[in-house]
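What follows is one structure encoded as structure tokens, with my remarks underneath.
Written out as structure tokens, the structure reads:
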């Protein structure tokens with residue numbers, strides 16, 4: 669049930685929460701955007717447009733132009749669950765993004781976050 673609530677939230681609201689998290693740790697918003705673009709395949713203009721809509725988090729991921737083929741390299745724990753073991757095909761990308769934002773907030777270099 670909690671998953672359904674998260675997926676129905678507007679992406680723009682989730683983005684605002686991510687912004688607050690990374691700026692509180694003195695990381696630039698541009699790095700947050702870089703992570704989002706890397707994971708989903710959106711470009712900066714598309715991302716900016718989506719932030720002005722009420723697009724749900726589920727639709728944000730369902731409509732992603734090109735989910736990154738290296739996303740499977742994202743491993744670790746988020747919310748007490750290993751992201752690589754999440755079987756729900758929609759929740760896994762959401763948790764991947766959560767994990768990447770956590771890594772950014774913890775000061776990890778962007779090149780490592782993007783698995784380069």
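In my numbering, the protein residues as written are 669 to 784. For each residue, glycine too, the CB sits at the ideal point set by N, CA and C.
Let me check understanding here. Comparing Cα to Cα, which of the options lies closest to residue i?
i	options	result
residue 770	700, 679, 760	700
residue 730	774, 741, 760, 697	760
residue 741	780, 774, 692	780
residue 734	711, 694, 782, 695	711
residue 747	691, 758, 690, 764	764
Taking only the alpha-carbon atoms, compute the straight-line gap between residue i and residue j and give it to the nearest angstrom.
i	j	result
residue 683	residue 719	8 Å
residue 713	residue 776	26 Å
residue 736	residue 778	16 Å
residue 716	residue 750	30 Å
residue 744	residue 767	8 Å
residue 721	residue 680	7 Å
residue 697	residue 762	19 Å
residue 772	residue 756	24 Å
residue 669	residue 753	Caution is warranted here: a pLDDT of 47 is assigned to residue 669, below 50, making its placement in the model unreliable, and the coordinate value is therefore given only provisionally. Roughly 19 Å separates the two Cα atoms.
Could you please give the first and the last residue of the uninterrupted alpha helix (DSSP H) stretch that includes residue i?
i	result
residue 699	697-708
residue 755	From DSSP, residue 755 is part of no alpha helix (DSSP H); its letter is neither H nor E.
residue 688	679-692
residue 767	759-773
residue 779	778-781
residue 714	712-718
Please list the segments of the alpha helix (DSSP H) lying wholly inside the stretch 722-749, counting only runs of 4 or more residues, in order along the chain. Listed in chain order, they are 725-730.
For the structure I just gave you, are there three or more beta carbon pairs, one from the stretch 721-733 and one from the stretch 671-680, closer than 8 Å? With a cut-off of 8 Å, the stretch 671-680 and the stretch 721-733 count as touching, because enough Cβ pairs lie within range.
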